[in-house]
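J.:
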Amino acid sequence: MNWITSFVRPKFGSMLGRREVPENLWIKCPSTGEMVFHTDLEENMWVIPGSGHHMRVTARQRLGYLFDAGEFEELPAPQVQQDPLKFRDSKKYTDRLRDNRSKTGLEDSIVAGIGTVKGLKLVACAHDFNFIGGSLGVAAGEAIVQAFETAIRNECPLVMFPASGGARMQEGILSLMQLPKTTVAVEMLKEAGLPYIVVLTNPTTGGVTASYAMLGDIHIAEPGAEIGFAGKRVIEQTVHEKLPEGFQTSEYLMEHGMVDMVVTRHELPDTLVSLLRMLMGLPAPEEPVGPEAVAGEPEAEAPLAETAEPPAVDEELETSDAAGPEPGDKDKSD
1 MNWITSFVRP KFGSMLGRRE VPENLWIKCP STGEMVFHTD LEENMWVIPG
51 SGHHMRVTAR QRLGYLFDAG EFEELPAPQV QQDPLKFRDS KKYTDRLRDN
101 RSKTGLEDSI VAGIGTVKGL KLVACAHDFN FIGGSLGVAA GEAIVQAFET
151 AIRNECPLVM FPASGGARMQ EGILSLMQLP KTTVAVEMLK EAGLPYIVVL
201 TNPTTGGVTA SYAMLGDIHI AEPGAEIGFA GKRVIEQTVH EKLPEGFQTS
251 EYLMEHGMVD MVVTRHELPD TLVSLLRMLM GLPAPEEPVG PEAVAGEPEA
301 EAPLAETAEP PAVDEELETS DAAGPEPGDK DKSD
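Residues in the sequence shown are numbered from 1 upward in steps of one, following UniProt numbering.
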């Protein structure tokens, strides 16, 4: 090998060669194989325009899509003991935690925040599947309980977004203890008379499905989400039967009464607010007056003051007593 092959040719090759295209520039639709430019997906909340396939999003993205103007107060991650079992599989659990924290920028798999959706104050809690498969461990369980306590303190509803493979095996029995612990938190919210809505996303499986993910007052699911306890292959090998087409999908579960409705990511905020206002006995939000209303026909004239009978005093007292304080009047949690 001489200097031409070892130096000159690589140099010219790098100068004249085509620039490499970043791997994430184009995204392939898992359903149809359609290629979509990544900026188009980002602008469309990571929903494939053609097929309507809902791609996975991070927990912070999900809360940003939900809250007004994408703004919310993120609840601090609770501090818990790291790796109490000194667990090791293919690598140390402490190393796995460090790698996932570096990759996602999260302390654990749960992100919770408080803010407003269409003016209605609520707490939202979301799993991030990118953090060890959104698995439920001690830290995640503490974060969920903290979110419920925040909702109770602020007298506002809670919306849960599960996306998880289940309990975290690296924490053994301690992860399984989070199932009854989070179930108690759900009951505390319900005893306070506050709504709890679950939005099932892809995937929602394992111990998460066996606890708080299926305890909502209303269960909504994103289109095409996989929802179940055990996986389809495990069930088929156990019962020795072929399962129906679409088994464990959002649409299949809605047809069989396990899910109340399937709602797209774009329609979710309006749907949630309508349901929550109904559950809380609040009036529907007033529609803003647009130019068409101003330019349209004039409103009917109000009756003259002298012709209108004043309401009885007893009637006024009954009305004021029935109204009571408006929910959400208290200050936000620190």
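Positions of the beta carbon are idealized from the N, C-alpha and C atoms, including for glycine.
Between Gly-52 and Pro-223, which are expected to be in contact by the criterion C-beta below 8 Å, what is the C-beta distance as a whole number of angstroms?
T.: Going by Cβ atoms, the distance from Gly-52 to Pro-223 rounds to 6 Å, so yes, they are a contact pair.
J.: With a 10 Å radius around its C-beta and 16 neighbouring C-beta atoms as the bar for buried, classify His-256 as buried or exposed.
T.: With fewer than 16 Cβ atoms within 10 Å of its Cβ, His-256 is classed as exposed.
J.: In angstroms with no decimal places, state the Cα-to-Cα distance between Pro-84 and Leu-282.
T.: Cα to Cα, the separation comes out at about 46 Å.
J.: Examine the Cβ distances between the region 182-199 and the region 239-250 and report whether three or more of them are shorter than 8 Å.
T.: Cβ pair count under 8 Å is below three, so no.
J.: Using a 10 Å radius around the Cβ and a threshold of 16 neighbouring Cβ atoms, would you call Asn-100 buried or exposed?
T.: Buried: at least 16 other Cβ atoms inside 10 Å.
J.: Can you pull the DSSP bridge partners for Arg-88?
T.: Per DSSP, Lys-92.
J.: From Glu-299 to Ala-284, what does the alpha carbon distance come to, in whole angstroms?
T.: Low confidence applies to Glu-299: its pLDDT is 45, below 50, so where it sits in the model is not reliable, and the reading given next is rough at best. Distance between the alpha carbons of Glu-299 and Ala-284: 21 Å.
J.: Give me the Cα-Cα distance between Met-55 and Glu-241, rounded to the nearest whole angstrom.
T.: Approximately 30 Å between the Cα atoms of the pair.
J.: The alpha helix (DSSP H) spanning Thr-150 covers which residue range?
T.: Element bounds for Thr-150: 138-153.
J.: Give me the Cα-Cα distance between Pro-291 and Thr-58, rounded to the nearest whole angstrom.
T.: Unreliable positioning characterises Pro-291 in this predicted model, as indicated by a pLDDT of 41, which lies under 50. The coordinate reading is nonetheless provided below. Going from the Cα of Pro-291 to the Cα of Thr-58 covers about 38 Å.
J.: At the level of alpha carbons, what is the spacing between His-38 and Gly-206?
T.: If you take the alpha carbons of His-38 and Gly-206, they lie about 31 Å apart.
J.: What is the rounded straight-line gap between the Cα of Asp-40 and the Cα of Phe-72?
T.: Going by the C-alpha atoms only, they are around 25 Å apart.
J.: Taking the CB atoms as reference points, tell me whether Ala-213 and Pro-157 lie closer together than 7 Å.
T.: Result no, Cβ atoms of Ala-213 and Pro-157 do not sit closer than 7 Å.
J.: Can you give me the Cβ contacts of Asp-334 inside the same chain, cut-off strictly under 6 Å, excluding the 5 residues immediately before and after it?
T.: Note that Asp-334 scores a pLDDT of 41, beneath 50, so its modelled location is shaky; the value from the coordinates is reported in the next line. Excluding positions up to five away in sequence, the list is empty.
J.: Verify whether the separation of the beta carbon atoms of Ser-164 and Gly-134 is less than 7 Å.
T.: Contact flag set, yes.
J.: Just to confirm, is the Cβ distance from Ala-140 to Ile-173 under 7 Å?
T.: No; because the gap between Cβ atoms is not below 7 Å, this pair is not in contact.
J.: Assign Leu-75 to buried or exposed, taking buried as 16 or more other Cβ atoms, counted over all protein chains shown, within 10 Å of its Cβ.
T.: That one is buried.
J.: Look up Trp-46 in the DSSP assignment and give the residues it is bridged to.
T.: In DSSP, Trp-46 forms no bridge with anything.
J.: Hey, which unbroken runs of the beta strand (DSSP E) at 3 residues or more fall wholly within the region 165-218?
T.: Fully enclosed beta strand (DSSP E) runs of 3 or longer: 196-200.
J.: From the DSSP output, in three-state form, read off Met-55 for me.
T.: Of the three classes helix, strand and coil, the one that applies to Met-55 here is coil, per DSSP.
J.: For Phe-229, which residues from the same chain have a beta carbon less than 8 Å from its beta carbon, with the 5 sequence-adjacent residues on both sides left out?
T.: Here the set comprises Thr-205, Gly-206, Thr-209 and Ala-210.
J.: Can you tell me whether Gly-266 is buried or exposed, with buried defined as 16 or more other CB within 10 angstroms of its CB?
T.: The sequence shown places His at residue 266, not Gly. It is exposed - the Cβ of His-266 has fewer than 16 other Cβ atoms within 10 Å.
J.: May I ask you to list the residues that DSSP assigns as paired with Cys-125?
T.: Cys-125 is bridged to Ala-112 and Met-160.
J.: Identify whether Arg-28 lies in helix, strand or coil by the three-state DSSP scheme.
T.: Correcting the residue type first, residue 28 is Lys in the shown sequence and not Arg. Lys-28 falls in the strand class under three-state DSSP.
J.: Is DSSP giving Ala-221 helix, strand or coil here?
T.: If DSSP states are grouped into helix, strand and coil, Ala-221 belongs with the strands.
J.: Relative to the C-alpha of Thr-264, which candidate in Met-258, Lys-91 and Ala-221 has its C-alpha closest?
T.: Of Met-258, Lys-91 and Ala-221, the residue nearest in Cα terms is Ala-221.
J.: Whose C-alpha, out of Gln-146, Gln-61 and Ala-112, is nearest the C-alpha of Asn-44?
T.: Checked all of Gln-146, Gln-61 and Ala-112; the closest Cα to Asn-44 is Gln-61.
J.: Give me the residue from Thr-201, Lys-121 and Ser-175 with the minimum Cα distance to Ala-151.
T.: Of the listed residues, the one whose Cα sits closest to Ala-151 is Lys-121.
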